[in-house]
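Numbering (our numbering), first residue to last: 6 to 450.
Below: one structure, written as structure tokens.
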Amino acid sequence: MSKKARTSQLNRRDFLKMGGGALALAAGASMMPTVFNKMLKPMGILSAAPGDPDLYLAGTDAWISLPGSIPIYHPDPLAPDGLTTYMFGFRNVLGMDQVTKEAQKGKAQYPSPLFWIDQYDASGNPNEFRMQLTNLGLSMRPDLIDEHTVHFHGLRNIIPFFDGEPNTSLAVPIAGEFTYAWRVREPGTYMYHCHVEDVEHVHLGMTGMVFVKPLQNGNTTLYPSGKYAYNCGDGSTGYDREYSMLLTEIWASAHWAFAHVQLPNWDEYKADFYLLNGRVYPDTIAPGSSTDFSSPVNEAGTGDMVTPADPNAHLKYQPISSLVRCNAGEKVLLRFANLGFTKQNMTLSGIKMRIVGKDATLLKGRAGEDLSFDTHGIYIGVGESYDAIFEAPAHSTGISGDAPDKYLLYNRNYSHKTGSDNGGQMTEVHVYPAGTLDPQAEPNS
Ligand SMILES: [Cu+2]
């Protein structure tokens, strides 16, 4: 992604004219007095350097589709046709005019948009990533005036101001605007989520993944693709294709409760659905939309999410596919993260994975010793991330012809896959004969 030129400063006269806190109201928002007081000081400081955002998220609500039936909660009788489950979430509104942006209220996606950042290079190109956040309110719950934030989970050296934890920082009220600015020095796999009422807003769906790309990228002498998970120095984290694998959960009655102006009792938490990138198998292997957050593709005219072709129209607000496609001999990076409330084990049957990173840290010791390891399955705790690279095995040409060989990637806890008739955290790895597929254009494609 190319960096845009930034207008780094409001001029001094504009700043004095508007006054610190008044900038919070620049979008024409009317706010609760308490919210205004809370935001007064920080907004004035931040808005001195607005710049163009690399990504523009809007917090709102949504309906998604999950299979099966759980009387009386699922499908929710209030859900629009073809959809089943009430959610909170984010939506990428980059490039939309004000009217189109506001029309996205009630049209969040799940999980939240995937995005990626180049590692900050203090001596070279200063790469500062800017994420603007607004809050469109909740279409189903006009009585709830919850704020939203973005907490960049695992980001080191962050100042509280950009941390998204609302008690020590600030949060964005309905119609408010705030721009986060990050310089990330540690490459790896991260996640993000809203931190307001975080059990609620995380469980209701305000969760997504972030990749930080290492400075070593572009160096083709260590690995031909020039793409690496980390600054490994030896090509050991080189890969040809990469896939986010975000693990989350849905407790149907809690989602029903929010749609029906009730409060769930979180003591009774029991997930009904275990999701991979916001879907359950076999929806996980259905095609997805583009993940290029810098030029989001939306429905012409309305700015709504694009409706997938039949038979996948029900996945309109669940745009991320988990189908792994690769050529024999290629290296594939699986970026796992868990933002559910339960530890999981993801197992790849028939192919060894090499775990090269954990929690955005290369698995090398202080003296450079190799701490990576081979495994078929990896336990992923809540809030943890793992980077796994596998080499696609030879294709069984002669037995399958040109059809891909298929391997399963699944949660080995079978109770998380069956129960009701949902399929859970499972997807497929399709290995094609060498040279069949073009190079990957963007993650998860
Ligand atoms: Cu929120």
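Glycine included, C-beta positions come from ideal geometry on N, C-alpha and C.
Helix, strand or coil at residue i according to DSSP, with G and I counted as helix
{"i": "Q445", "result": "coil"}
{"i": "I404", "result": "coil"}
{"i": "T105", "result": "helix"}
{"i": "W121", "result": "strand"}
{"i": "H198", "result": "strand"}
{"i": "A393", "result": "strand"}
{"i": "W68", "result": "strand"}
{"i": "Y419", "result": "helix"}
{"i": "A27", "result": "Confidence in A27 is poor, its pLDDT being 37 and thus under 50, which makes the residue's placement unreliable; the coordinate value appears in the next sentence. Here A27 sits in helix by DSSP."}
{"i": "F157", "result": "strand"}
{"i": "A305", "result": "coil"}
{"i": "E254", "result": "strand"}
{"i": "A234", "result": "coil"}
{"i": "I356", "result": "coil"}
{"i": "D379", "result": "strand"}
{"i": "K46", "result": "Annotation note: pLDDT 36 at K46 (below 50); position unreliable, coordinate value reported separately. Note: K46 maps to helix in three-state DSSP."}
{"i": "D410", "result": "strand"}
{"i": "V204", "result": "helix"}
{"i": "A186", "result": "strand"}
{"i": "I164", "result": "coil"}
{"i": "L320", "result": "helix"}
Closest residue to residue i among the options (Cα-Cα distance)
{"i": "S230", "options": "N222, S327 and T312", "result": "N222"}
{"i": "P316", "options": "Y61, L60, S70 and D59", "result": "S70"}
{"i": "S390", "options": "V189, V104, V201 and V215", "result": "V215"}
{"i": "K232", "options": "P192, S117 and V207", "result": "P192"}
{"i": "W261", "options": "L62, I75, P58 and D59", "result": "I75"}
{"i": "S294", "options": "A113, D309 and P313", "result": "P313"}
{"i": "P219", "options": "T296, L143 and N132", "result": "N132"}
{"i": "G169", "options": "H206, G429, I150 and P147", "result": "H206"}
{"i": "Y384", "options": "Q267, N416 and G111", "result": "N416"}
{"i": "A180", "options": "A127, G64 and F278", "result": "G64"}
{"i": "G213", "options": "N162, P116, P438 and L227", "result": "P116"}
{"i": "G459", "options": "Y286, D245, F134 and M211", "result": "This structure gives no information on residue 459, because the portion of the chain shown stretches from 6 to 450."}
{"i": "S144", "options": "A439, D66, N97 and Q124", "result": "D66"}
{"i": "T1", "options": "V217, Y235 and D239", "result": "Residue 1 cannot be examined here, being either before or after the span of the chain that is shown, 6 to 450."}
{"i": "N162", "options": "L268, G283 and R190", "result": "R190"}
{"i": "T253", "options": "F120, F341 and D102", "result": "F341"}
{"i": "A439", "options": "S299, A399 and Y228", "result": "A399"}
{"i": "K357", "options": "A393, P72, A372 and I122", "result": "A393"}
{"i": "L338", "options": "S405, D379, G370 and D245", "result": "D245"}
{"i": "G306", "options": "D102, S128 and K363", "result": "D102"}
Residues of its chain near residue i, where Cβ-Cβ distance is below 8 Å and the 5 sequence neighbours each way are ignored
{"i": "V387", "result": "N343, L344, G345, F346, T347 and K348"}
{"i": "K112", "result": "T65, A67, R96, D309, M310 and Y322"}
Same chain, Cβ closer than 6 Å to residue i, five either side skipped, listed in chain order
{"i": "D443", "result": "none"}
{"i": "V177", "result": "L138, N140, E152, H153 and F183"}
{"i": "F167", "result": "Y185"}
{"i": "T173", "result": "P165"}
{"i": "L83", "result": "A264"}
{"i": "E396", "result": "K336"}
{"i": "Y437", "result": "N332 and P409"}
{"i": "F459", "result": "Within the shown structure, residues of the chain are numbered from 6 to 450, placing residue 459 beyond reach of any answer."}
{"i": "S258", "result": "Y78"}
{"i": "D297", "result": "E447"}
{"i": "N350", "result": "G382, Y384 and R417"}
{"i": "V242", "result": "Sequence inspection shows Thr at residue 242; the Val mentioned does not correspond to that position. Result list for T242: Y233, A234, Y235 and V361, in chain order."}
{"i": "Q323", "result": "I69, Y115, G283 and R284"}
{"i": "G355", "result": "Y412"}
{"i": "F134", "result": "D59, I122 and W187"}
Expected contact under 8 Å - CB spacing of residue i and residue j to nearest Å
{"i": "I325", "j": "N449", "result": "6 Å"}
{"i": "L281", "j": "I255", "result": "The pair is not a contact, with the Cβ atoms about 12 Å apart (cut-off 8 Å)."}
{"i": "Q109", "j": "T184", "result": "About 19 Å; that fails the 8 Å criterion."}
{"i": "A365", "j": "T194", "result": "6 Å"}
{"i": "D148", "j": "V266", "result": "7 Å"}
{"i": "H381", "j": "L353", "result": "6 Å"}
{"i": "L62", "j": "F93", "result": "Contact flag wrong, Cβ pair sits at about 12 Å."}
{"i": "C237", "j": "L328", "result": "Rounded, the Cβ-Cβ distance is 27 Å, inconsistent with contact."}
Proximal residues to residue i (C-beta, below 7 Å), its chain only, five neighbours per side dropped
{"i": "K9", "result": "The predicted position of K9 is uncertain, since its pLDDT is 42 and thus under 50; no value can be drawn from it."}
{"i": "V5", "result": "Absent from the model: residue 5. The displayed extent of the chain is 6 to 450, so no value can be given."}
{"i": "V201", "result": "D151, E152, H153, T154, P171 and A176"}
{"i": "Q124", "result": "V189, R190, P192, V217, K218, P219 and L220"}
{"i": "T402", "result": "P438"}
{"i": "W369", "result": "It should be noted that the sequence gives Lys, not Trp, for residue 369. Here the set comprises D375 and L376."}
Contact with chain B by residue i, beta-carbon distance below 8 Å
{"i": "T173", "result": "Of the protein chains in this structure there is only one, and it is not chain B."}
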